[in-house]
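Engineer: Sharing a structure, written as structure tokens. Questions coming.
2 protein chains.
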Amino acid sequence: MRALEDLTGYLSRLPGIGKKSASRIAFYLVKTPSSYNEAFSDAILNIQKKIKICQICGSYSESDICDICSDANTDKESICVVEQPQDVITIKDSGVYKGLFHVLGGAINPLNNVLPENLRIKELMDRIKDNNFKEIILATNPNEEGDFTARYILRLLKDIDVKVTRLASGLPIGGDLEYADKSTLLRSFNSRVNFE
Amino acid sequence: MRALEDLTGYLSRLPGIGKKSASRIAFYLVKTPSSYNEAFSDAILNIQKKIKICQICGSYSESDICDICSDANTDKESICVVEQPQDVITIKDSGVYKGLFHVLGGAINPLNNVLPENLRIKELMDRIKDNNFKEIILATNPNEEGDFTARYILRLLKDIDVKVTRLASGLPIGGDLEYADKSTLLRSFNSRVNFE
Chain R
107 MRALEDLTGY LSRLPGIGKK SASRIAFYLV KTPSSYNEAF SDAILNIQKK
157 IKICQICGSY SESDICDICS DANTDKESIC VVEQPQDVIT IKDSGVYKGL
207 FHVLGGAINP LNNVLPENLR IKELMDRIKD NNFKEIILAT NPNEEGDFTA
257 RYILRLLKDI DVKVTRLASG LPIGGDLEYA DKSTLLRSFN SRVNFE
Chain A
107 MRALEDLTGY LSRLPGIGKK SASRIAFYLV KTPSSYNEAF SDAILNIQKK
157 IKICQICGSY SESDICDICS DANTDKESIC VVEQPQDVIT IKDSGVYKGL
207 FHVLGGAINP LNNVLPENLR IKELMDRIKD NNFKEIILAT NPNEEGDFTA
257 RYILRLLKDI DVKVTRLASG LPIGGDLEYA DKSTLLRSFN SRVNFE
């Protein structure tokens, strides 16, 4: 049946969903209330219409400036540098950090043609020069590319008088920050170390 | 962000998708080509518009009579009774059986208010009386409700001169037919036994 095969095909392209799961979900969607399918379908269309990139930090936002950058309660003296917008939400939701963020858009990886100029590193340097941050927390992923990117940024900061830290190990090496649980994140934040 | 939370909410209601997977998929959909999201969204809307119930066997179909019931190559002498439309596809795709199907729409389960009259059992009896089947294969799930339903149907068939079989064990007990792999299904079909 074409309609089922089509839907199964789209579902199985989603991350973490194999062919059997996709088929199971497609059958589930045949029997859901049609109002659910309509709302789900709308939510998929809306996601790209409504989500923008914050002009300051590069994270996702529904307005030009994101809630964290515009919130008066955000601690404006520290900036946490991450690879992806989802890392902002992971850290924010954990509640262990109340400061600003900066999203690079990835990590340096010459083999995949991701060079420093493809990331929001210049924007980060501009923010650091224009503001008087007390601390820069380099929270790129604890893997080869993330470590390399952190060292690259550290080198750019060598003439600037600011404390630079990196999240402590405690995060599983080789993993993705996005999957860290709250207690791991808490330990990483609390034992963060001077990065030099 | 409302749009992300909405989409994550709809995704996490799908079978087998937890909150973290839903969030990961939602972030993935922010960055996919918009043509993919449009086609995916359409496929969800289409599934209920295009999928009907076959008027003969009760399986899913894009026309009034499904491909299996209308196919001249289908072996019309045997009928395989299953609980759900997805079971038809699982068995059909395995290639071990070339005959007709009958979908009950579930299994008898008085605790959940599923009584014989809520299932397509009368339709099955009518088909059996109107046709001259050589074999009825009871392929309800190998669990308590499925076994009970098979025994219930067997009793209804006691005055009818037809061979009644049940898929051999080999299917994991307590499991769902939908998840069976091809070799397990093959063994179950090949060693199916008279059911009495």
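First to last, the protein sequences are chains R and A. With the numbering used here applied, the first sequence closes on residue 302, and no number is skipped along the way. With the numbering used here applied, the second sequence closes on residue 302, and no number is skipped along the way. Every residue gets a Cβ at the ideal spot worked out from N, C-alpha and C, and that includes glycine.
Please list, in chain order, all residues of the same chain as residue 263 (chain R) whose beta carbon is under 6 Å from its beta carbon, the five residues on each side excluded.
Structural biologist: Answer for residue 263 (chain R): 270, listed in chain order.
Engineer: Where do the ends of the beta strand (DSSP E) carrying residue 181 (chain A) lie?
Structural biologist: Residue 181 (chain A) -> beta strand (DSSP E) spans 181-188.
Engineer: Please confirm if residue 209 (chain A) has its CB atom under 8 Å from at least one CB of chain R.
Structural biologist: No, residue 209 (chain A) lies away from the interface with chain R (no Cβ there is under 8 Å from its Cβ).
Engineer: Show which residues of chain A have a CB atom less than 9 Å away from the CB atom of residue 220 (chain R).
Structural biologist: Ordered by position in chain A, no residue passes the 9 Å Cβ test against residue 220 (chain R), which lies about 15 Å from the chain.
Engineer: Report yes if the C-beta distance between residue 189 (chain R) and residue 249 (chain R) is below 8 Å; otherwise report no.
Structural biologist: Cβ distance not < 8 Å, so residue 189 (chain R) and residue 249 (chain R) don't count as in contact.
Engineer: Suppose the cutoff is 7 Å on Cβ atoms and the five residues either side in sequence are ignored; what does the same chain contact list for residue 125 (chain R) look like?
Structural biologist: The residues are 118.
Engineer: For chain A, is any of its Cβ atoms less than 8 Å away from the one on residue 192 (chain R)?
Structural biologist: Taking Cβ atoms only, chain A reaches closer than 8 Å to residue 192 (chain R), which makes this a yes.
Engineer: Could you round the C-beta distance between residue 220 (chain R) and residue 214 (chain R) to whole angstroms and report it? I think they count as a contact, below 8 Å.
Structural biologist: With 8 Å as the limit, residue 220 (chain R) and residue 214 (chain R) qualify as a contact, their Cβ atoms being about 6 Å apart.
Engineer: Comparing C-alpha positions only, which one of R:143, R:171, R:121, R:232 sits nearest to residue 266 (chain R)?
Structural biologist: Among R:143, R:171, R:121, R:232, the Cα nearest to that of residue 266 (chain R) belongs to R:232.
Engineer: Under 8 Å, do residue 147 (chain R) and residue 147 (chain A) count as touching if we go by C-beta distance?
Structural biologist: Their beta carbons are under 8 Å apart, which means residue 147 (chain R) touches residue 147 (chain A) by this criterion.
Engineer: Reducing DSSP to helix, strand and coil, say where residue 249 (chain R) ends up.
Structural biologist: Residue 249 (chain R): coil per DSSP, three-state reduction.
Engineer: Could you spell out where the beta strand (DSSP E) holding residue 241 (chain R) opens and where it closes?
Structural biologist: Unbroken beta strand (DSSP E) run through residue 241 (chain R): 241-244.
Engineer: Starting from residue 271 (chain R), follow the alpha helix (DSSP H) in both directions and report where the run begins and ends.
Structural biologist: No alpha helix (DSSP H) contains residue 271 (chain R), which is instead part of the beta strand (DSSP E) from 269-272.
Engineer: Report the residues of the segment 116-133 of chain A with a CB closer than 9 Å to any CB of chain R, ordered along the chain.
Structural biologist: So the list reads 116, 117, 119, 120, 121, 122, 123, 126, 127, 129, 130, 131, 132, 133, given in the order they occur along the chain.
Engineer: For residue 244 (chain A), count neighbouring Cβ atoms within 10 angstroms of its own Cβ and tell me buried if that reaches 16, exposed if not.
Structural biologist: That one is buried.
Engineer: Determine the DSSP secondary structure at residue 166 (chain R), reduced to helix, strand or coil.
Structural biologist: The answer is strand: DSSP assigns residue 166 (chain R) an E or B state.
Engineer: For residue 201 (chain A), does the count of other Cβ atoms within 10 angstroms reach 16, so buried, or fall short, so exposed?
Structural biologist: Residue 201 (chain A) comes out exposed.
Engineer: Quick one: which chain R residues come within Cβ less than 9 Å of residue 183 (chain A)?
Structural biologist: What residue 183 (chain A) touches in chain R: nothing, since even the nearest Cβ is about 25 Å away.
Engineer: State the start and end residues of the unbroken beta strand (DSSP E) segment that holds residue 206 (chain R).
Structural biologist: Per DSSP, residue 206 (chain R) belongs to the beta strand (DSSP E) from 205-209.
Engineer: Would you call the segment 162-180 of chain A and the segment 204-212 of chain A touching, i.e. three or more CB-CB distances under 8 Å?
Structural biologist: Yes, since at least three Cβ pairs between the segment 162-180 of chain A and the segment 204-212 of chain A fall closer than 8 Å, the two stretches touch.
Engineer: Taking only three categories from DSSP, how would you classify residue 220 (chain A)?
Structural biologist: Reduced to three states, the DSSP call for residue 220 (chain A) is strand.
Engineer: Determine whether the Cβ of residue 226 (chain A) lies closer than 8 Å to any Cβ atom of chain R.
Structural biologist: Chain R, which has no Cβ nearer than 8 Å to the Cβ of residue 226 (chain A), makes this no.
Engineer: What do you reckon, are the CB atoms on residue 172 (chain R) and residue 186 (chain R) nearer than 8 Å?
Structural biologist: Their beta carbons are not under 8 Å apart, which means residue 172 (chain R) does not touch residue 186 (chain R) by this criterion.
Engineer: Quickly, what does DSSP pair residue 143 (chain A) with across the bridge? List them, please.
Structural biologist: Answer by DSSP bridge pairing: none, since residue 143 (chain A) is not bridged.
Engineer: Taking Cβ-Cβ distances shorter than 8 Å, what residues in chain A pair up with residue 157 (chain R)?
Structural biologist: Under the 8 Å cutoff, chain A gives 107, 109, 110, 136.
Engineer: By the 10 Å Cβ neighbour count, where 16 or more other Cβ atoms means buried, how is residue 294 (chain A) classified, buried or exposed?
Structural biologist: Buried, because 16 or more other Cβ atoms sit within 10 Å of the Cβ of residue 294 (chain A).
Engineer: Using the rule of at least 16 other Cβ atoms within 10 Å of the residue's Cβ for burial, across every protein chain shown, is residue 298 (chain A) buried or exposed?
Structural biologist: Label assigned to residue 298 (chain A): buried.
Engineer: Can you have a look at residue 191 (chain R) and say buried or exposed, based on whether 16 or more other CB atoms are within 10 angstroms of its CB?
Structural biologist: The residue in question, residue 191 (chain R), is buried, as its Cβ has 16 or more Cβ neighbours within 10 Å.
Engineer: How big is the Cα-Cα spacing for residue 240 (chain R) and residue 268 (chain R)?
Structural biologist: Going from the Cα of residue 240 (chain R) to the Cα of residue 268 (chain R) covers about 6 Å.
Engineer: Can you pull the chain C neighbours of residue 167 (chain A), defined as C-beta to C-beta under 8 Å?
Structural biologist: Checking the listed chains, one finds no chain C in this structure; the protein chains it contains are R and A.
Engineer: Report yes or no: is there a C-beta of chain A within less than 8 Å of the C-beta of residue 213 (chain R)?
Structural biologist: With 8 Å as the cut-off, residue 213 (chain R) does not count as an interface residue toward chain A.
Engineer: Output, in chain order, the set of chain R residues within a Cβ distance shorter than 7 Å of residue 147 (chain A).
Structural biologist: The contacting residues are 147, 150, 151.
Engineer: Interface residues of chain R around residue 249 (chain A) at Cβ under 7 Å?
Structural biologist: Those do not exist, as residue 249 (chain A) stays about 17 Å from chain R at its closest Cβ, beyond 7 Å.
Engineer: Answer yes or no: the CB of residue 185 (chain A) versus the heavy atoms of the ligand GDP, is any distance below 7 Å?
Structural biologist: Ligands displayed in this structure: none; no statement on the ligand GDP is therefore possible.
Engineer: Go to residue 264 (chain R), then tell me how far its alpha helix (DSSP H) extends in each direction, as first and last residue.
Structural biologist: It is not in any alpha helix (DSSP H) - residue 264 (chain R) carries neither H nor E in the DSSP assignment.
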